[in-house]
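In what follows, a single structure is set out as structure tokens and then discussed.
Residue numbers (our numbering): 33 to 361.
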């Protein structure tokens, strides 16, 4: 495992094979070594070691799974969704073993995921749809038609207040689904500094601000962060300090005022420090890893971030291998 400044490279790891959607278990035995700091550059490097009783830092996913989203709750289980058929896969982070939780189906897609404290798993479904699953059984609890199927890309989700908020990469709006209860989906048009660009992915990853009063949205193209007012939808561009942009920004994860921005095709996580009202973000470091192969989204358990490798630059076939990886924070 390595941490470095942005000279990333990809190195797919060896992994077990899975055929079909059988409940097949996997395990790996890699662990993290201690990190060392470079005072001249402000970057960190951590050596990879072979595990001895530690939780694995890499685990396999089914061949052809086409992962993108990952969610982790209070228990050591990671949930990942499939772009191939909307399937859900659950991995025990203590062992790296996992299996299919929801088999998916024709026409279904699962991208961004978030797990609520009540065990409900909110899933962004791309084609105008969001779903809610029972994280214990995989059962579909509800399907939410957020928009018409065409011309939209429901991409990611975060939980804030009484709603799950979904981004739409192809339209200037966010959608709020009531959490754990019946109710009306709220459409929040994006205004203010937000300019929707045609024929590219705009809004992508999303998290709440530290004070819980607004949302932070990454605009993948051209690589900007926005602070979105929950009441009005007014989007204020966040000033970046120490970075020109966050191009290819995908998943967002926040711990206090520290914001992690996964920049997928750069094989990079940029780490920012937000000011008190989340109107500026100062770059404090970057995280790279030789096992990154177009990571998309991140979730946290303990002192690690877990990410899935979407491998967008590799053939997306039923035989393509995929992994999840962990890096220390």
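For glycine and all other residues, C-beta sits at the position ideal for the given N, C-alpha and C.
- For residue 256, the enclosing beta strand (DSSP E) starts and ends at 256 to 261.
- Cβ atoms of residue 105 and residue 119 stay farther apart than 8 Å, at about 19 Å.
- The DSSP-derived three-state label of residue 343 is coil.
- Contact holds between the segment 132 to 152 and the segment 93 to 103, because three or more Cβ pairs, one in each stretch, are under 8 Å apart.
- Between residue 176 and residue 156 the beta-carbon gap is near 10 Å, outside 8 Å, which marks them as no contact.
- In the three-state reduction of the DSSP assignment, residue 298 falls in the helix class, which pools H, G and I.
- Within the same chain, 312, 313, 314, 315 come within 8 Å of residue 273 by CB-CB distance, once the 5 residues on both sides are set aside.
- The DSSP-derived three-state label of residue 197 is strand.
- The three-state reading of DSSP puts residue 100 in strand, counting E and B together.
- DSSP, reduced to helix, strand and coil, places residue 180 outside both helices and strands of the structure shown, so it counts as coil.
- Taking C-alpha positions only, residue 317 is separated from residue 214 by approximately 42 Å.
- Just so you know, the alpha carbons of residue 191 and residue 212 end up roughly 11 Å apart.
- Between the alpha carbons of residue 242 and residue 307 lies a gap of roughly 9 Å.
- One alpha carbon belongs to residue 246, the other to residue 193, and they sit about 10 Å apart.
- Leaving aside the five residues that flank residue 286 on each side, the residues in its chain whose CB is nearer than 6 Å to its CB run, in chain order, 239.
- With a threshold of 16 other beta carbon atoms within 10 Å, residue 181 falls short and is exposed.
- Contact between residue 237 and residue 282 is confirmed by a C-beta separation of about 6 Å, below the 8 Å threshold.
- Straight through space, the alpha carbons of residue 302 and residue 328 are spaced by roughly 13 Å.
- The residue from 134, 197, 189 with its alpha-carbon nearest to that of residue 166 is 134.
- In the three-state reduction of the DSSP assignment, residue 351 falls in the coil class, being assigned neither a helical nor a strand state.
- C-alpha of residue 333 to C-alpha of residue 230: approximately 37 Å in a straight line.
- The three-state secondary structure of residue 134, taken from DSSP, is strand.
- Counting the other Cβ atoms within 10 Å of the Cβ of residue 325 gives 16 or more, which makes it buried.
- Close CB contacts of residue 264 within its chain, under the 6 Å cut and outside five residues either way in sequence, are absent.
- Here residue 149 is exposed: its Cβ has fewer than 16 other Cβ atoms, across all protein chains shown, within 10 Å.
- Per the coordinates, the alpha-carbon of residue 277 lies some 8 Å from the alpha-carbon of residue 254.
- Of all alpha-carbon atoms in 172, 114, 127, the one lying nearest the alpha-carbon of residue 342 is that of 114.
- DSSP links residue 173 through a beta bridge to no other residue.
- In this structure, 204 is the residue among 232, 204, 309 with its C-alpha nearest to the C-alpha of residue 221.
- Boundaries of the beta strand (DSSP E) harbouring residue 188: 186 to 192, taken from the DSSP string.
- Per DSSP, residue 149 lies in no beta strand (DSSP E) segment and is marked neither H nor E.
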